[in-house]
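Chemist: The structure follows.
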């Protein structure tokens, strides 16, 4: 008998018919001899509706009351799914985050899970019930309801699986697994049978939207076997696993990209100790996250400093740089919001030389200019003009043999 934690997202439970379909899928797993814990999101569109309601009453909403409101979306789903299971002869019991005592810190809207009391859940499983848990929410030390941020149901599912020492945590989505890249950009993208936690973490952080980053981090930390599956079609999905010897053969697992990038440059800054801090300190204090950084040293004792930020922060960062340029005696400031970041990801890079030169050569052959480069043990990222995104992804996909047969 296996203990499985299954998570179903908003599109998977978006209508009564889909909730009934999820109930049939869960019952089939239970009837196959498995103990079942099911974590669900709010029905698709419901969280947005609640957000709009809150802003219609108070803007910005009180953080504490906002979480009380948002948590109701999942409460509707757990009740409906439990009813659907009961209606087909499958004993079920629903729990909100506070009832199952998913204890979090007090950071409203982006709380982190600290511990889970699994006694009630284990008692229900022993009694043969399916346990249905509200995702995305918990309770802090004072008893206040908290939410985990967008996509937090993935984290709830992984945390439940870790607490229960589940055999597998299965994330059901509207895609049937993790692909070598976005099939909407490259139709020849291939579904991966497995990918390492490290690679999945890089893919998620670099723009792949299949799983929430925190959920992957949690699964890796507590060694929870994680599988991505489709709610709407049968298949084995993609297993997110630990690195093994076979992984050395697959040099590149996938290509991630991020359209939400913007590049800023401050030119002709005096090249002296502390100049990077003088530039990035105020940027950080303004709560703007910096991604890639390049600093060039010229012969006249000045330096050009270039960095990327999220496109939503571009105007704010540009205004800050313009005000800093006078203090720093910089020559000029410029920015470009029409860029994208494209990244190769693969644990095989550790043991294979020549990946970077092959990447740069493939892009050069298509006349795609590289603006910035960043590397780590298992990834190479480049910044290119936005207009070359699709061509760049397809070119690299072909160059590294990632296309399906």
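In this note's numbering, the protein residues as written are 20 to 424.
Glycine residues also receive a C-beta, built at the ideal position from the N, C-alpha and C atoms.
1) With C-beta atoms as the reference, is residue 396 less than 8 Å away from residue 368?
2) Ordered along the chain, which non-local residues of its own chain (more than five positions away) have a Cβ less than 8 Å from that of residue 148?
3) Along the alpha helix (DSSP H) that carries residue 54, what are the first and last residues, could you check?
4) State the start and end residues of the unbroken alpha helix (DSSP H) segment that holds residue 134.
5) Buried or exposed: which applies to residue 20, given that a residue is buried once 16 or more other Cβ atoms fall within 10 Å of its Cβ?
6) With the cut-off set at 8 Å, would you say residue 97 and residue 152 are in Cβ contact?
7) Quick one: does the C-beta of residue 27 sit closer than 7 Å to a heavy atom of the ligand NAD?
8) Determine the burial state of residue 28: buried for a count of at least 16 other Cβ atoms within 10 Å of its Cβ, exposed for fewer.
9) By the 10 Å Cβ neighbour count, where 16 or more other Cβ atoms means buried, how is residue 266 classified, buried or exposed?
10) If you compare alpha carbons, which of 190, 315, 209, 296 is closest to residue 258?
11) Quick check on the burial criterion: 16 or more other C-beta atoms within 10 angstroms. Buried or exposed for residue 67?
12) Can you look up residue 301 in the DSSP assignment and give me helix, strand or coil?
13) According to DSSP, what are the bridge partners of residue 398?
14) Specify the secondary structure class of residue 107 as computed by DSSP and reduced to three states.
15) Once the 5 residues before and after residue 122 are set aside, which same chain residues still bring their CB inside 8 Å of it?
16) State the DSSP-derived secondary structure class of residue 155, mapped to helix, strand or coil.
17) Sorted by chain position, which residues of the same chain lie with C-beta nearer than 7 Å to residue 155's C-beta, five sequence neighbours on each side aside?
18) Where does residue 282 fall in DSSP's three states?
19) Measure the beta-carbon distance from residue 316 to residue 290 and round it to whole angstroms, keeping in mind my assumption that it falls under 8 Å.
20) For residue 356, does the three-state DSSP call read helix, strand or coil?
21) May I have the straight-line CA-CA distance separating residue 25 from residue 39, to the nearest angstrom?
22) From residue 198 to residue 78, what distance separates their C-alpha atoms?
23) Can you check whether the CB of residue 288 is closer than 8 Å to the CB of residue 391?
24) So what does residue 235 bridge to, in DSSP terms?
25) Over the uninterrupted beta strand (DSSP E) stretch that includes residue 406, give me the two end residues.
26) What does the Cβ neighbour count give for residue 107, buried or exposed, with the cut at 16 atoms within 10 Å?
27) With a threshold of 7 Å on Cβ separation, who are the neighbours of residue 297 within its own chain once the five nearest residues in sequence on each side are excluded?
28) Return no unless some Cβ of chain B is closer than 8 Å to the Cβ of residue 352.
29) Is it a yes or a no for the region 50-58 touching the region 79-90, going by three-plus beta-carbon pairs under 8 Å?
30) To which residues of the same chain is residue 239 closer than 6 Å at the C-beta, ignoring the five residues directly before and after it?
31) With DSSP collapsed to three states, give me the class of residue 37.
32) Taking the C-alpha atoms as reference points, what is the distance between residue 271 and residue 195?
33) CA-CA distance, residue 402 and residue 364?
34) Which residues bound the beta strand (DSSP E) around residue 248?
35) Apart from the five residues just before and just after residue 114, which ones in its own chain have a Cβ nearer than 8 Å to its Cβ?
Modeler: Inspection of the coordinates gives the following:
1) yes
2) 110, 111, 112
3) Looking at the DSSP string, residue 54 is not in any alpha helix (DSSP H); the run it does join, the beta strand (DSSP E), is 54-59.
4) Segment 132-135 is the beta strand (DSSP E) holding residue 134; no alpha helix (DSSP H) there.
5) exposed
6) yes
7) Absence of the ligand NAD from the depicted structure is noted, as is the absence of any ligand whatsoever, leaving it without description.
8) buried
9) Unreliable placement is indicated for residue 266, whose pLDDT of 49 sits below 50; the coordinate value is still reported in the next sentence. Flag for residue 266 reads buried.
10) 190
11) exposed
12) helix
13) 364
14) coil
15) 132, 133, 134, 135, 136, 157, 158, 159, 160
16) coil
17) 60, 93, 166, 167, 171, 172, 175
18) strand
19) 6 Å
20) strand
21) 15 Å
22) 39 Å
23) no
24) Answer is none; residue 235 lacks a bridge partner.
25) Segment: none, residue 406 is in no beta strand (DSSP E) and carries neither H nor E.
26) exposed
27) 347
28) Here there is only one protein chain, and chain B is not present.
29) no
30) 216
31) helix
32) 20 Å
33) 15 Å
34) 245-249
35) 97, 139, 140, 150, 151, 152, 153
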